[in-house]
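K.L.:
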Amino acid sequence: MELAMTSRRRFLKIVGSSALIIAGGVGGFALTRTPTDALAPWARAGSADYTDPRVRALSYAILSPNPHNRQPWQVDLGEADTAILSCDLDRLLPHTDPFERQILIGLGCFLDMLRMAAAQDGRSVEIAPFPDGAPDHHLDTRAIARIRFGAPGSATADPLFAQVLKRRSLKEPYDTSRPIPVSAFEQIASVVPANVAVDFSGEPAKRDMLRDLTWQAHLVEVTTHRTNMESVDLMRIGKAEINANPDGIDIGGTAFLDALALAGVLTREQLADPNSVGFKQGLDMYHALMHSAMGHLWLHTKGNSRFDQLNAGAAWLRVNMKATELGLGIHPLSQSLQEYEEMKPLYQEVHEKLLGTSGEDNSGARIQMLGRLGYGPTIRPGPRWPVETRIHS
-12 MELAMTSRRR
-2 FLKIVGSSAL
8 IIAGGVGGFA
18 LTRTPTDALA
28 PWARAGSADY
38 TDPRVRALSY
48 AILSPNPHNR
58 QPWQVDLGEA
68 DTAILSCDLD
78 RLLPHTDPFE
88 RQILIGLGCF
98 LDMLRMAAAQ
108 DGRSVEIAPF
118 PDGAPDHHLD
128 TRAIARIRFG
138 APGSATADPL
148 FAQVLKRRSL
158 KEPYDTSRPI
168 PVSAFEQIAS
178 VVPANVAVDF
188 SGEPAKRDML
198 RDLTWQAHLV
208 EVTTHRTNME
218 SVDLMRIGKA
228 EINANPDGID
238 IGGTAFLDAL
248 ALAGVLTREQ
258 LADPNSVGFK
268 QGLDMYHALM
278 HSAMGHLWLH
288 TKGNSRFDQL
298 NAGAAWLRVN
308 MKATELGLGI
318 HPLSQSLQEY
328 EEMKPLYQEV
338 HEKLLGTSGE
348 DNSGARIQML
358 GRLGYGPTIR
368 PGPRWPVETR
378 IHS
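Residue numbers (our numbering): -12 to 380.
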């Protein structure tokens, strides 16, 4: 899901001490470089300006977690009381998500957020997945789901919806002095639907094993050129880039980082070069981040059908919302679950260690999501395209 980048605050270190000299000369550059335009959809969600209840629900659904923040949803509202969800095929991740499994999980998050938002308005939704048939190896132009909105008073609010504007994918170091109580894991597990299984562990030996395995998977992704470049190409560096393209991986939004970008210190070229100081120090910081995990949680399904993937997305959203309610940060770590050749040994290892299976048979058990948990800081939300840009009739 949304790429596990290093802490924005700690990211300053990757440019080395010389950056301090550059930044010291830009005191008047800006009091704040927050990308306000890119964050506006969070403030506008549920606005009374959205008189169509479908648009009102969609204004919350676009805030859902999704891989690399690609926001792959597009919605047709041409039919009364109905929304047709499809995937924007220009927003795929062919290298890290070659079969679009992660993209579908993100769309599953979207559908359940839409359901919650409609219920908050008192309206039920009837979701029919893949009304024209489910895609096989790759997504295509067929609908992901047909959503029929019910009349006012046809649904009651979901308690998890109270967390919608607080929900984050917390890609920050966690407090290693604060263990996660078993009761917190149990409360999170209680909100997972029956069609998805959930397991968790805060036990030190398994925690340490998963810290190392997820770190090794990160190393594979960033040292494989094509998969690393897929991320680098989606980086939005500085306020101007984030506002212009409020998707992908945002880096910046502070006077300091924007100054470094303008000075040519913080660049895609550095982030793409394994021999650069920035790349190497970024690895050091990411190692510390991954090894601050205080527990892990994984969602798995009996098979790996397109329906399973959508269901896993709905479950992940609910896990994320419940963790938020409990004051816990959660950070999706999908690297070891990715289906490309260089990741195959770790893909098999994580399935063998957590499920006792290779994970290679689509008719067998499959880990759909893996994440680390812990107590961490409060951060701002991620950028989003306005809901109006995701709708067509």
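Just so you know, even glycine gets a beta-carbon here, dropped at the ideal spot from N, CA and C.
A quick note: this is a predicted structure, and the numbers were derived from the prediction, not measured.
Would DSSP call PRO319 helix, strand or coil?
P.N.:
By 1-based counting over the sequence shown, the position of residue 319 is 332. Three-state DSSP puts PRO319 in a strand.
K.L.:
Return the residue from the list ASN56, VAL42, PHE97, ASP75 that minimises the CA-CA distance to GLY65.
P.N.:
Position 78 of the sequence shown, counted from the start, is the residue given in the question as residue 65. It is VAL42.
K.L.:
If I'm right that THR143 touches ALA106 with Cβ under 8 Å, what's the distance once you round it to whole angstroms?
P.N.:
Numbered from 1 along the sequence shown, position 156 holds the residue referred to as residue 143. Numbered from 1 along the sequence shown, position 119 holds the residue referred to as residue 106. Indeed, because the Cβ distance is near 7 Å, the residues count as touching under 8 Å.
K.L.:
Can you round the beta-carbon distance between LEU341 and ILE354 to whole angstroms, since I take them to be within the 8 Å contact cut?
P.N.:
On the sequence shown, position 354 is the one that residue 341 refers to. On the sequence shown, position 367 is the one that residue 354 refers to. That pair is a contact at about 6 Å.
K.L.:
For GLY346, which residues of its own chain have a beta-carbon under 7 Å away from its beta-carbon, when the five flanking residues on both sides are left out?
P.N.:
Reading the sequence shown from its first residue, position 359 is the one you call residue 346. TYR334, GLN335, HIS338, ARG353, ILE354, listed in sequence order.
K.L.:
According to DSSP, simplified to helix, strand and coil, what is ALA138?
P.N.:
The residue given as residue 138 occupies position 151 in the sequence shown. DSSP places ALA138 in strand when its eight states are reduced to three.
K.L.:
How far does the beta strand (DSSP E) with ARG155 in it extend, from its first residue to its last?
P.N.:
Residue numbering aside, residue 155 sits at position 168 when the sequence shown is read from its first letter. ARG155 -> no beta strand (DSSP E), and no H or E assigned at all.
K.L.:
Tell me the rounded alpha-carbon separation between PRO81 and ILE378.
P.N.:
Within the sequence shown, numbered from 1, the residue matching residue 81 stands at position 94. Within the sequence shown, numbered from 1, the residue matching residue 378 stands at position 391. The alpha-carbon atoms of PRO81 and ILE378 are separated by roughly 24 Å.
K.L.:
Do HIS283 and ARG165 have their CB atoms nearer than 8 Å?
P.N.:
Against the sequence shown, residue 283 aligns to sequence position 296. Against the sequence shown, residue 165 aligns to sequence position 178. The answer is no: Cβ separation not under 8 Å.
K.L.:
Closest to ALA192 by CA distance: which of MET281, ALA35, PRO319, ASP186 is it?
P.N.:
Sequence index remark: in the sequence shown, residue 192 carries index 205 (1-based). Here the closest residue by C-alpha is MET281.
K.L.:
When DSSP labels each residue in this structure, what does LEU297 get in the three-state scheme?
P.N.:
If you number the sequence shown from 1, residue 297 lands on position 310. The answer is helix: DSSP assigns LEU297 an H, G or I state.
K.L.:
Spatial neighbours of GLY95 within its chain, please: C-beta separation below 7 Å, excluding the five flanking residues on both sides.
P.N.:
On the sequence shown, residue 95 is found 108 positions in, with the first residue counted as 1. Counting only Cβ-Cβ distances below 7 Å, and skipping sequence neighbours, we find GLN296, LEU297, ASN298, ALA299, GLY300, ALA301.
K.L.:
Are the region 209 to 225 and the region 43 to 54 touching by the rule of at least three beta carbon pairs closer than 8 Å?
P.N.:
As far as the Cβ criterion goes, the region 209 to 225 does not touch the region 43 to 54, which means the pair count is below three.
K.L.:
Is it buried or exposed, GLU328, if we count other Cβ atoms within 10 angstroms and call 16 or more buried?
P.N.:
As a working note, residue 328 is residue 341 in the sequence shown. It is exposed - the Cβ of GLU328 has fewer than 16 other Cβ atoms within 10 Å.
K.L.:
What do you reckon, are the CB atoms on GLU326 and PHE117 nearer than 8 Å?
P.N.:
Along the sequence shown, read from residue 1 onward, the residue named residue 326 stands at position 339. Along the sequence shown, read from residue 1 onward, the residue named residue 117 stands at position 130. Contact: no.
K.L.:
What residues match up with SER73 in a beta bridge as DSSP calls it?
P.N.:
Translated into the one-based positions of the sequence shown, residue 73 becomes position 86. Per DSSP, GLN61.
K.L.:
How many whole angstroms separate the CB atoms of ARG20 and ASP245, which I take to be in contact at a CB cut-off of 8 Å?
P.N.:
In the sequence shown, the residue the question calls residue 20 occupies position 33. In the sequence shown, the residue the question calls residue 245 occupies position 258. About 5 Å; that satisfies the 8 Å criterion.
K.L.:
DSSP beta-bridge partners for GLU113?
P.N.:
Translated into positions along the sequence shown, residue 113 becomes position 126. In DSSP, GLU113 forms a bridge with ARG135.
K.L.:
Per DSSP, what kind of secondary structure is LEU206 in: helix, strand or coil?
P.N.:
As a first step, residue 206 is located in the sequence shown; it is residue number 219 there, counting from the start. Residue state, collapsed to three classes: helix.
K.L.:
Name the DSSP bridge partner or partners of ARG353?
P.N.:
As a position in the sequence shown, residue 353 is number 366, starting the count at 1. DSSP lists THR288 as partners of ARG353.
K.L.:
My assumption, with CB atoms under 8 Å, is that ALA67 sits in contact with PRO160. Please give the rounded CB distance.
P.N.:
Within the sequence shown, the letter at position 80 stands for residue 67. Within the sequence shown, the letter at position 173 stands for residue 160. With a Cβ gap of about 49 Å, ALA67 and PRO160 do not count as contacting.
K.L.:
Using the beta-carbon count (16 or more within 10 Å), is GLU256 buried or exposed?
P.N.:
The residue given as residue 256 occupies position 269 in the sequence shown. With fewer than 16 Cβ atoms within 10 Å of its Cβ, GLU256 is classed as exposed.
K.L.:
If we call anything under 8 Å between Cβ atoms a contact, is ALA44 one with ASP108?
P.N.:
Along the sequence shown, read from residue 1 onward, the residue named residue 44 stands at position 57. Along the sequence shown, read from residue 1 onward, the residue named residue 108 stands at position 121. Contact: yes.
K.L.:
Scan the region 255 to 290 and note each continuous alpha helix (DSSP H) run of 4 residues or more that stays entirely inside, going in chain order.
P.N.:
The qualifying runs are 255 to 259, 264 to 277.
K.L.:
Go through its chain and collect everything with a Cβ distance to HIS287's Cβ below 7 Å, but skip five positions before and after it.
P.N.:
Taking the sequence shown and counting its residues from 1, the one referred to as residue 287 is at position 300. Contacts found: ALA184, LEU342, ALA352, ARG353, ILE354, GLN355.
K.L.:
Going by the CB atoms, is the gap between ILE92 and TRP303 shorter than 8 Å?
P.N.:
The residue you call residue 303 lines up with position 316 of the sequence shown. The residue you call residue 92 lines up with position 105 of the sequence shown. Cβ distance < 8 Å, so TRP303 and ILE92 count as in contact.
K.L.:
Could you say which of TYR362, TYR47, THR344 lies nearest to LEU385 if we only look at CA atoms?
P.N.:
The requested residue 385 is not part of the displayed model; the chain covers only -12 to 380.
K.L.:
Using 8 Å for Cβ pairs, my map puts ARG154 next to THR23. What's the rounded Cβ distance?
P.N.:
Taking the sequence shown and counting its residues from 1, the one referred to as residue 154 is at position 167. Taking the sequence shown and counting its residues from 1, the one referred to as residue 23 is at position 36. Rounded, the Cβ-Cβ distance is 20 Å, inconsistent with contact.
K.L.:
Please classify ARG20: does DSSP put it in a helix, a strand, or coil?
P.N.:
Locating residue 20 in the sequence shown gives position 33, where the first residue counts as 1. Note: ARG20 maps to coil in three-state DSSP.
K.L.:
Can you say whether ASN349 is buried or exposed, counting buried as having 16 or more other CB atoms within 10 angstroms of its CB?
P.N.:
Within the sequence shown, numbered from 1, the residue matching residue 349 stands at position 362. By the neighbour-count rule (16 or more Cβ atoms within 10 Å), ASN349 is not buried but exposed.
K.L.:
Which residue comes first and which comes last in the alpha helix (DSSP H) that contains ALA388?
P.N.:
With the chain covering -12 to 380 only, the question about residue 388 has no answer from this structure.
K.L.:
What residue from ALA149, PHE148, ARG110 has the CA that sits closest to GLY140's CA?
P.N.:
For the purposes of this step, residue 140 is taken as residue 153 along the sequence shown, with counting starting at 1. Of the candidates ALA149, PHE148, ARG110, the one whose C-alpha sits nearest the C-alpha of GLY140 is ARG110.
K.L.:
Alpha carbon to alpha carbon, how far is PRO28 from ILE224?
P.N.:
As a first step, residue 28 must be located in the sequence shown, where it is residue number 41. As a first step, residue 224 must be located in the sequence shown, where it is residue number 237. Between PRO28 and ILE224, the C-alpha separation is close to 20 Å.
K.L.:
Pick out whichever of THR128, LEU313, TYR273, ILE71 has its Cα sitting closest to the Cα of PRO168.
P.N.:
Working through the sequence shown from its first residue, we reach residue 168 at position 181. Nearest C-alpha to PRO168: LEU313.
K.L.:
Would you kindly check if the distance between the Cβ of PRO59 and the Cβ of ASP75 is under 8 Å?
P.N.:
Here residue 75 is taken as the residue at index 88 of the sequence shown, counted from 1. Here residue 59 is taken as the residue at index 72 of the sequence shown, counted from 1. Cβ distance < 8 Å, so ASP75 and PRO59 count as in contact.
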